[in-house]
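A.B. asks: Residue numbers (mature numbering (1 follows the signal peptide of the UniProt record, and there is no 0)): -19 to -1, 1 to 456.
Quick reminder that beta carbons are idealized off the backbone N, C-alpha and C, glycines included.
As the structure is a prediction and not an experimental result, all values here were calculated from the model.
Here it is: the structure, laid out below.
Written out as structure tokens, the structure is:
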């Protein structure tokens, strides 16, 4: 979907939600309002919010019970938070310089940072991974704030989630009076706890990606010498030939398939082989016996009328029309007759080119599957996995889905861990900046000057952030 289509879909969706909300308020009245209040749901233009107190006791109990551990744990978050503030400014500065610098055509799409727009640069079939990873990252972030606050005797007053236009998020409500009463160092622990937890989630995602074959080993075998078909798109030429669960061992019995990357690599290599080297050695006697072409035909580039013979798989050759499977399966490849044994000739498929090739897929337990067309079509319409289920009830796509979820979780958690510490308005970095200035300068600089220093840094970071957004949108 384009950005315009996504915007129209969002506008229509929110209009429908607000319209239904208005109708229910007018038709049902107080019972409907009471239900929303009991569930903690509030709805406004472009935002849906859910607030709950159900987790308050749990956060307070866990935070206070292990207060010493959390105090030491979140002390580490302070150092990470300071690095995050400096790192976020450095990253945005480098990204802006890169965006404004002259670039070649090949470099024009390469960016250090890129805004995430679901449905535009996040494929629609990845939205479930994206939103689940965002929920995990958001919950762990706010849980960090809540546990840090509880361990320092700051009351957790509520926990909630919201959706603003399209982007979901979480939040935690803390007692403001108690927050203002504690020391700057304790404030820093609470303000930096969220991004610290995001960093730990990102680290766990990295460990999970590195050890995913071990994690799924009880249910899935890995790198078994064949790839498992997990999806064949309906518009694929092989939609009726390949089936989910089929095991593909090689392409043309030349390029073996063991890892997922082999599929694209082998198809690319196959596409780059010169047409002259794509011949097949066949006995000359068989050629004469199997040739079913109608003769004579015009020698003006018109192909022999193989279709008149009722062949299901005809090969259009310069000299003959032959049955495909009997002619090429288990044959040696050749460039010319010199590459074949005496008595054989080297035949080539008529019209074969870089975009039009005859490809044979070796499939376990059944006859090879043959395809005539562009190899890249297979790369985009047939999806394979390098995992093999140990039980038939398991899908080879499950490890791929787990890997996709871990990748999105890593990306989003790492982004939250760094960018949320940018010292600008409405981010954790704003409050961490106030506490940091008080921590370092509270005894030597008057409050008015400390506030002026903070405002200067906040405005600078805001200008830097807006400049990055404009550069990414316009350049």
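Ignore the nearest five residues each way along the sequence and tell me which others in residue 77's own chain have a CB closer than 8 Å to its CB.
C.D. replies: The answer, listed in chain order, is 445, 448, 449 and 452.
A.B. asks: Based on Cα-Cα distance, which residue from 381, 355 and 349 lies nearest to residue 364?
C.D. replies: 381
A.B. asks: For the pair the stretch 325 to 332 and the stretch 244 to 263, tell me if three or more CB-CB distances fall below 8 Å.
C.D. replies: yes
A.B. asks: Taking its Cβ as the centre, do 16 or more other Cβ atoms sit within 10 Å of residue 132, making it buried, or is it exposed?
C.D. replies: By the 10 Å Cβ count, residue 132 comes out buried.
A.B. asks: Quick one: what's residue 32 bridged to in DSSP?
C.D. replies: 141
A.B. asks: Given that a residue counts as buried once 16 or more other Cβ atoms are within 10 Å of its Cβ, and exposed if not, what is residue 168?
C.D. replies: buried
A.B. asks: How far does the beta strand (DSSP E) with residue 336 in it extend, from its first residue to its last?
C.D. replies: Element bounds for residue 336: n/a, residue is neither H nor E.
A.B. asks: Can you round the beta-carbon distance between residue 243 and residue 341 to whole angstroms, since I take them to be within the 8 Å contact cut?
C.D. replies: Actually they do not touch by this definition, with Cβ atoms about 16 Å apart.
A.B. asks: Relative to the C-alpha of residue 226, which residue among 18, 42, 410 and 367 is closest?
C.D. replies: 367
A.B. asks: Should residue 180 and residue 126 be called a contact, given that it needs their Cβ atoms to be closer than 8 Å?
C.D. replies: In this structure, residue 126 does not lie closer than 8 Å to residue 180 by Cβ.
A.B. asks: Taking Cβ positions, are residue 259 and residue 331 nearer each other than 8 Å?
C.D. replies: In this structure, residue 259 keeps its C-beta atom at 8 Å or more from the C-beta atom of residue 331.
A.B. asks: Does the beta-carbon of residue 137 have 16 or more other beta-carbons within 10 angstroms, so that it is buried, or is it exposed?
C.D. replies: buried
A.B. asks: If you compare alpha carbons, which of 416, 237, 177 and 200 is closest to residue 371?
C.D. replies: Selected option, being the one with the closest Cα: 200.
A.B. asks: Quick one: grab the DSSP three-state call for residue 321.
C.D. replies: Residue 321: coil per DSSP, three-state reduction.
A.B. asks: Just tell me which of 335, 348 and 318 has its CA closest to the CA of residue 310.
C.D. replies: 348
A.B. asks: With DSSP run on the structure shown, which of helix, strand or coil describes residue 163?
C.D. replies: coil
A.B. asks: How many Å lie between residue 212 and residue 59 at the Cα?
C.D. replies: 47 Å
A.B. asks: Using the rule of at least 16 other Cβ atoms within 10 Å of the residue's Cβ for burial, across every protein chain shown, is residue -3 buried or exposed?
C.D. replies: exposed
A.B. asks: Quick check: the stretch 102 to 119 against the stretch 382 to 390, are at least 3 beta-carbon pairs closer than 8 Å?
C.D. replies: yes
A.B. asks: So, with DSSP's three-state summary, where would you put residue 361?
C.D. replies: Residue 361 falls in the helix class under three-state DSSP.
A.B. asks: Check whether the stretch 150 to 165 touches the stretch 44 to 57, taking contact to mean three or more Cβ pairs, one atom from each stretch, closer than 8 Å.
C.D. replies: no
A.B. asks: Fully enclosed by the stretch 162 to 223, which beta strand (DSSP E) runs are 3 residues long or longer?
C.D. replies: 201 to 203 and 208 to 213
A.B. asks: Keeping to the same chain, check which residues put their C-beta closer than 7 Å to that of residue 318; ignore five residues upstream and five downstream.
C.D. replies: Excluding sequence neighbours, residue 318 sits near 326 and 327.
A.B. asks: Would a C-beta distance cut-off of 8 Å place residue 128 and residue 177 closer than the cut-off?
C.D. replies: no
A.B. asks: Would DSSP call residue 345 helix, strand or coil?
C.D. replies: In the three-state reduction of the DSSP assignment, residue 345 falls in the coil class, being assigned neither a helical nor a strand state.
A.B. asks: So the beta strand (DSSP E) residue 260 belongs to, where does it begin and stop?
C.D. replies: 260 to 264
A.B. asks: For residue 105, does the count of other Cβ atoms within 10 angstroms reach 16, so buried, or fall short, so exposed?
C.D. replies: exposed
A.B. asks: Please state the DSSP three-state secondary structure of residue 304.
C.D. replies: strand
A.B. asks: So residue 360 and residue 248 are in contact, right, with Cβ under 8 Å, and what is the actual spacing, rounded?
C.D. replies: About 5 Å separates the two Cβ atoms, so the contact holds.
A.B. asks: Please state whether DSSP places residue 226 in a helix, a strand or coil.
C.D. replies: coil
A.B. asks: At which residues does the beta strand (DSSP E) containing residue 22 begin and terminate?
C.D. replies: 22 to 25
A.B. asks: What residues match up with residue 314 in a beta bridge as DSSP calls it?
C.D. replies: 261
A.B. asks: Could you round the C-beta distance between residue 172 and residue 245 to whole angstroms and report it? I think they count as a contact, below 8 Å.
C.D. replies: At roughly 45 Å, the Cβ-Cβ gap does not stay under 8 Å, so residue 172 and residue 245 are not in contact.
A.B. asks: Where does residue 403 sit, in a helix, a strand or coil, going by DSSP?
C.D. replies: In the three-state scheme derived from DSSP, where H, G and I count as helix and E and B as strand, residue 403 is classed as coil.
A.B. asks: Span of the beta strand (DSSP E) holding residue 352?
C.D. replies: 350 to 354
A.B. asks: Thinking just about the alpha-carbon of each residue, which of 236, 141, 228 and 11 is nearest to the one in residue 34?
C.D. replies: 141
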